[in-house]
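Chains as they are written, first to last, in our numbering: chain A, 296 to 646; chain B, 94 to 724. Note that CB positions come from ideal geometry on N, CA and C, so glycine has one too. One structure below.
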Amino acid sequence: MTQPLPMAGTPTNVNLAGLIKNDYRGNPSTLCQGCGHNSISNQIISAMYELSIVPENVIKFSGIGCSSKSPNYFMNRSFGFNSLHGRMPSIATGALFGDHTLKGLGVSGDGDTASIGMGQFKHVVRRNVNMVYIVENNGVYGLTKGQFSATAEKGLSLKKQGANQYMPVDICMEALASSATFVARSFAGNPKQVKELLKAAMAHNGIAVLDIISPCVTFNNQDNAYHSYAWGKDHEEPLHDITYIAPRNEIILEEEMKEGEIREVSMHDGSVVILKNLEKDYNPTDRFQAMNALAEAHQNNWLATGLIYIETDKPSLTEVYNLVDAPLNRLEEPDLRPAPDMIDKVNALMF
Amino acid sequence: MNKVVNDFSIIVGTKNGSGSSTANTTILRAIFKMGIPVSGKNLFPSNIQGLPTWYTIRANKDGFTARREEQEIVIAMNPDSFARDLASVAVGGAFFYADDIKQPITRADIAVYPMPVKQIVRGDPTIPNDFRDLVGNMVYVGVLAQMIGIDLETILAALSFHFKGKQKPIDMNFTAVKAGAEWAKANLKKKDPFYLEPMNKTEGLIMADGNTAAAIGSIFGGVQFAAWYPITPASSLAEALNDYLPVLRKREDGKHTYAVLQAEDELAAIGMAIGAGWSGLRSMTSTSGPGLSLMTEFAGLAYYAEVPVVVWDVQRIGPSTGLPTRTSQADLTFVNFIGHGDSHSIILLPGDVAECFEFGWRAFDIAEQQQTPVFVLSDLDIGMNQWMSKPFEYPNTPMDRGKVLWEKDLEELKGNWARYLDKDNDGIPYRTVPGNKHPTSAYFTRGTGHDEQARYTEEAPVFLRNMNRLKRKYETARNFVPAPVLHKTEGATVGIIGFGSTEAAILEAMHQLETEHGIKADFLRIRALPFTQEVTDFVAKYDQVFVVEMNRDGQMNQILTIEYPQRAPYFKPVAYGDGMPASARWVREGILAKYTPGTKFNGGSKQPRSKATAAAKTAKSSSKNTSGNKK
């Protein structure tokens, strides 16, 4: 992208929240050099800074695994809960009731989501919890040193493990099947797209599932492996070019976006996601087309990336509950404990 | 024949799913309305329809309401259990049965009353065909009422309550009751000695089940979030939250100050509850043994990451699926140490419906104050059966939200705080919750090893320091959990320890032991773990302490033995777990089987130095322990 981003052009490097990029950083990563997850953490820092997100308005969540360590490596000023293996969804679901004005930002992995956490993943999706759900997907268990995950392709050969016998889980397909309202796939080797999708995901009201192929340089980065940098670069087939335009900002498109067919998606918060069609017209608001695109990619051995599906008019979980305007965790005794005279009424309701 | 007034038991045998529960609770409530102490227990199978089921009612003028093994009056409505029901009538008792059951009457030592239930219902044109089977149960209510003297007005009151004042079902059912009563009056001759007569012993009391009480208590405790998954016998607790929250927490703007969510399983239920507790809500879940097994991993996380959450375990009998509709106290040791690694949880042990209400609100105070999971162990008997109870009492202390820092607090501290720092030397650190906008408010919660600032560390001394602080926190909790209830007997020479739903059976057994065997006992009903000073004092006083509980292995006895090893020789486990509510008989026989005559009360002269005493001393001063009796 040659055009400066909306907040660039302000006189200093202070964003609209009055913060500099450093305010979005975390602790130094302890993941391997070259790990896709580090690249994603960096894009999260950039996206949040550029979106002028107030860090205190975000809660970070994760489960267990390499990916789940990464919330420690960005946004130190946000609360975080590094929970149990496969259980990030339930922790997030409960925690976001504490203050419904906050946005969840979850980072999970393919083991954490597609194996041990498959059940909770499907349910957090169908409940449309207001959070970004990133799966840093590398097809392998890193922390336990290189076992197959459920997203590993059939036939993949790994040291000490032999050949994988089973069909892979497609996280985007699972999300779609569970009525997800935002489904995207990206590739850590395509940071620009990762960042734009992150921004769109943050603007989405409800669950935004981002399945990001994020190579494991230590255990699963052979050139012929689906989750490797080389394979991704050779086989990536973006559905469109994507640009996120913040609310209040004039839509200014860079030159290459101007050619060809443009599709605009208006987001809940007034922002706009601009999609430029590539090979063919792709409509991400059409669930059948989304499923079809995933099936087609599977059939043709493509890494289809981009905004696969979006639905902007579904209420998120806390909205369904008709909660008071104030965050629940700010309520005090008078709001929570029935008045003394209610005890007699209650006793009268008993026999 | 001498009349037996207000002192007998009734059991009704029906087919599960035949709609007899309305009839049975109607009898129960009518007797309660007559002022007679009464209890009702549903002894039901794990089945929707078809299997035999029983409902037992005990009326007792002296207030003994535990289950009895003997039944003076048996009502048999189910051909499948007819022979068994007939055999179960106490000698000299009464046997009522639906006369379409054509099976031999093999007893001559009881009064037998056939009831033409079907004919009576068919003879009434006001009862629609579809309702005949259901309403048929009301016929035995009417026959029984006529034969033992239940006031029909009290039956009408019970029906009005049951049908929430809806006239049509009230009329239809009451018609059947009257038809039964009239038929009995015209056709049956009283041949048994059992009568009910009005008293005034239930005045000012209510009837309720423990799960409803727990839900309402939680609402008065300000519950803000509950996640749950259906499981017998806990489901009705969460369902009662759904029933009563809209009534008790109604606001003019129609908005909600709470959320109740049915999760996909117990893993998610407690995960959500912990998430909500972590973000500052009064949060709970309710389950039973199998669900608790699934919740174990999360319980360990909440213990270690120090997240307040309340977990109700309405116990049923295990292991595994066990007997899902039968009661038990066998989750005690499991919950006490729930979680892998060194962990120790706070447990509350309500003994009746009023305490289910009280611990409903109190559990939140303790959980938030201690920043840890609080488990409330009720059981199926308290949870699902109707109990006479004192009315619920409004909480007598304001909510204790614990050590939570908000923006202004952090401003004053100039951001100088650390999540796991033991600033007050009580083991309880300060916490912040999401939504706090102060730039130093956030911390990273984890189940991994952490230092005072919540940063990951594998440093051995830091790990130890944190674990020792958690232990210190548990010791602090001794001073805040509910004290036990002591039932004293003048001249007692032995002690009895019990907890939970066995109180009525133990009190009755104590009466029998004293009047029939000359054994005088003091009875301490424990209401929480960790043990408080009162427990320490109690176990020191007697050379025989009978520990009564509804499980196989004597789990409370095991925990007492760990806590008071020097008193272990004096503990005598009276443990029994067959799924049935405790009876005075098994308590009495269990104690007699282990009783040694001639031991004496030592008046507490040999005070053992216990952990609780140690904690109290440490809290007061740092004076050196000179007692040779170290823990």
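According to the DSSP secondary-structure assignment, A643/A is paired through a beta bridge with no residue. A contact between stretches requires three or more CB pairs, one per stretch, nearer than 8 Å, and the stretch 408-416 of chain B fails this requirement with the stretch 562-569 of chain B. C-alpha of G106/B to C-alpha of Y233/B: approximately 11 Å in a straight line.
Counted as a single uninterrupted DSSP element, the stretch harbouring L498/B is not any beta strand (DSSP E), since DSSP gives it neither H nor E.
Bounds of the alpha helix (DSSP H) holding S336/A are G331 to E345. By the C-beta criterion, the stretch 500-511 of chain A is judged not to be in contact with the stretch 537-546 of chain A, since fewer than 3 inter-stretch pairs fall below 8 Å. In this structure, the beta-carbon distance from Q317/B to L374/B falls below 8 Å. Note that the stretch 463-479 of chain A does not touch the stretch 315-329 of chain A; fewer than 3 beta-carbon pairs, one per stretch, sit closer than 8 Å.
A straight-line Cα-Cα distance of about 32 Å links G691/B and L622/B. The beta carbon of L623/A falls within 8 Å of a beta carbon belonging to chain B, placing the residue at that interface.
V210/B and D192/B have their alpha carbons spaced roughly 7 Å apart. The C-beta of I198/B has fewer than 16 other C-beta atoms within 10 Å across all chains shown, which makes the residue exposed. Within 8 Å of the CB of Y616/A, the CB atoms of chain B belong to H349 and A352, in sequence order along the chain. For Q584/A, the nearest beta carbon of chain B is not closer than 8 Å to its own beta carbon.
With contacts defined as CB atoms closer than 8 Å, S102/B and Q164/B qualify as a contacting pair. I547/A does not reach chain B, its nearest Cβ partner there being about 33 Å away, counting only Cβ pairs nearer than 9 Å. The three-state secondary structure of R539/B, taken from DSSP, is strand. Cβ-Cβ distances below 7 Å link A447/A to G434, V435, N459 and P463 in the same chain, with the five nearest sequence neighbours on each side left out; the list follows chain order. Distances from the alpha-carbon of I129/B to those of M643/B, D100/B, P145/B and M365/B put D100/B closest. Contact of Y669/B with chain A is not assigned, every C-beta pair being separated by 8 Å or more. With respect to the 8 Å criterion, I386/A and I363/B are not classified as neighbours on the basis of their beta carbons. Spanning the alpha carbons of S111/B and P629/A requires a straight line of approximately 45 Å. Counting other Cβ atoms within 10 Å of its Cβ, K126/B reaches 16 or more and is therefore classed as buried. Looking from the CA of A307/B, the closest CA among S471/B, A686/B, D155/B and P666/B belongs to S471/B. Contact between L606/B and I655/B is ruled out by a C-beta separation of about 28 Å, above the 8 Å threshold.
Looking only at F485/B, P218/B, D445/B and F457/B, the smallest Cα-Cα distance to N642/A is reached by F485/B. Per DSSP, the continuous alpha helix (DSSP H) segment holding Y233/B begins and ends at R225 to I241. Within chain A, no C-beta atom comes nearer than 8 Å to that of A308/B; the closest sits roughly 11 Å away.
In the displayed model, N377/A falls within a strand according to three-state DSSP. Neighbours of F188/B in chain A, taken as residues at a C-beta separation under 8 Å, are lacking, since the least C-beta distance is about 29 Å.
In the three-state reduction of the DSSP assignment, R562/B falls in the helix class.
Assignment of M365/B by DSSP, reduced to helix, strand and coil, places it in the helix class. In this structure, I166/B is the residue among I166/B, N153/B and G156/B with its C-alpha nearest to the C-alpha of W147/B. Counting only the Cα atoms, T325/A lies some 28 Å from G528/B. Here DSSP, grouped into helix, strand and coil, assigns K211/B to helix. A direct Cα-Cα distance of roughly 6 Å separates S611/A from N425/A.
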